[in-house]
Structures are given as C-alpha cells and as structure tokens.
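Structure first, then comments.
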Amino acid sequence: MDHGHIIEQTKSVVTSIIKASDPELHYFRQNVRVHQMAKSDLLVREGETCNSIFFVNSGVFRSFLWADDVEVNTEFFFENSFAGAFTSFLLERKTVLNIQALEEATVTEIPKATLEALYQRDPAWYALGKYIFEREFIKKCQRESDFLKLSAKERYLSLVQQHPQIEERIPGYHIASFLGIKPESLSRIRSGRLT
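Numbers given in our numbering equal positions in the sequence shown, counted from 1, plus 3.
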C-alpha cells in the first residue's frame, strides 16, 4: 500500500478528533513513519522504552506480558485504533509489555518527540493526546470492572459484541488468555452459545 495514502488515512482520523491548521498537519505528515508488519512481528518489545504511539491502519495486534512463564494477553488493537505501551510512553520507563502483530498489518508511528513538538506549535494538539489516553484509561477501567463483576461467559459475550470479527481473526487460545480462562473453558462457552 502507498505510504502517502496511509499517512492521509491517519491524518483524516486525526482531523476527525482535533481542529488542526495546515502547517501543523504538514509537520505531522513529515514526521510520522509508516511500517508494514508481518504476522508475529513485534511492534513493542518488553524491556524497551516505548517512545511512540502507533495508529493501526490495517491488521490486528495483541499486547501481552509474561507471568510465571506464561503469556498473558492484556489487550487487542484493531484497525482505526491507537496502540502502544502507554504507561512506558508517559513515564519514559521500560515496558513489561510486548505488542505483536497477529496478521499482516500496517501502522503509522507517531514519535513522542513529534507529538510534543505539535503540542508546542499548537495547543489544539493536546486534544489528540487527551483523546488517546482517555480512551485507553476507560478501556483499562472497563476491563478491571468486567473482571470483578462479570462471569467468563459474560466477558466473552461483551468482547464479541465490541469486536464481532474477533473470532475470525484471533486464535481462540489468545482470546481465552485475554479473558483469563483456559482454552477448553472458552470452547465450552462457545458451544453453549451455539446451542
């Protein structure tokens, strides 16, 4: 896919969130990078500091960490969403997360230096950061609440409702890990849903 087209797609999403002037949009276009990712490629790696936010133009990613030698999925990122190790990005600390492509994907990388320069050039750009981090905060709070209040089946149904294509695009064992259950438990939930 043409990089110029991908950057325009990202710019279109940005301008749906904020009102930005042409000089700043030009600066944005000049200072973001497009990456083509193969399945299984890592966008963010544990032990590194995440110095960029990524807009997912196509494809799907998972974030995961290691707990007692087991991979635990913490989030999925689909098209038209922003991905990153946000705590690492904000605090400039090494991350415990990995973010991995689950299929061929394209992302637009927005370096922290670019975002901060845009904040200085035009305070309207703060609204973009606010939008990204508020959405991430809401997702984290909702996930925490769901784990405390909902059964595994209810969490699964909520996930499918939010992302109807998830079962076709993400292997069941990754979904089970995200839900905090074993793959065989997910199979029972799915079979009960179909009857």
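Here a beta-carbon is modelled for each residue, glycine too, at the ideal position from N, C-alpha and C.
These numbers come from a predicted model, not from an experiment.
On the DSSP letters alone, give me the boundaries of the beta strand (DSSP E) that residue i sits inside.
i, result
"proline 167", "Premise fails: proline 167 is in no beta strand (DSSP E) and is neither H nor E."
"arginine 80", "According to the sequence shown, residue 80 is phenylalanine rather than arginine. Taken as a continuous stretch (DSSP letters only), the beta strand (DSSP E) holding phenylalanine 80 covers 73–80."
"alanine 70", "64–70"
"asparagine 60", "55–61"
If the criterion is Cβ atoms closer than 9 Å, does the pair residue i and residue j meet it?
i, j, result
"leucine 182", "leucine 151", "no"
"lysine 185", "leucine 105", "no"
"threonine 109", "serine 61", "yes"
"serine 98", "arginine 146", "Inspection of the sequence shows that residue 98 is occupied by threonine rather than by serine. No."
"isoleucine 9", "threonine 117", "no"
"alanine 86", "leucine 46", "yes"
"lysine 115", "isoleucine 56", "yes"
"phenylalanine 67", "isoleucine 113", "no"
"valine 63", "isoleucine 135", "no"
"glycine 175", "leucine 189", "yes"
Span of the alpha helix (DSSP H) holding residue i?
i, result
"glutamate 27", "25–34"
"glutamate 11", "6–20"
"alanine 179", "175–182"
Classify residue i: buried if its beta carbon has 16 or more other beta carbons within 10 angstroms, exposed otherwise.
i, result
"glutamine 164", "exposed"
"glutamine 12", "buried"
"histidine 177", "buried"
"arginine 65", "buried"
"tyrosine 129", "exposed"
"leucine 100", "buried"
"arginine 158", "buried"
"alanine 3", "Absent from the structure is residue 3, since the part of the chain shown begins at 4 and ends at 198."
"leucine 197", "The pLDDT assigned to leucine 197 is 49, lower than 50, so where the model puts this residue is not dependable; a value taken from the coordinates is nonetheless given after this. Exposed, because fewer than 16 other Cβ atoms sit within 10 Å of the Cβ of leucine 197."
"valine 75", "exposed"
"glutamine 103", "buried"
- Entirely enclosed alpha helix (DSSP H) segments - the stretch 92–160, minimum 4 residues: Counting only runs of 4 or more, we get 115–124, 129–152.
- Message: Three Cβ pairs or more, each shorter than 8 Å: is that satisfied between the stretch 36–46 and the stretch 140–147?
- Response: Cβ pair count under 8 Å is below three, so no.
- Message: Assess contact between the stretch 91–110 and the stretch 19–27, defined as three or more Cβ pairs (one per stretch) separated by less than 8 Å. Is contact present?
- Response: In short, these stretches do not touch, since the Cβ pair count stays below three.
- Given 8 Å as the limit, is there contact between the stretch 73–83 and the stretch 113–131, that is, 3 or more CB pairs closer than that? With a cut-off of 8 Å, the stretch 113–131 and the stretch 73–83 do not count as touching, because too few Cβ pairs lie within range.
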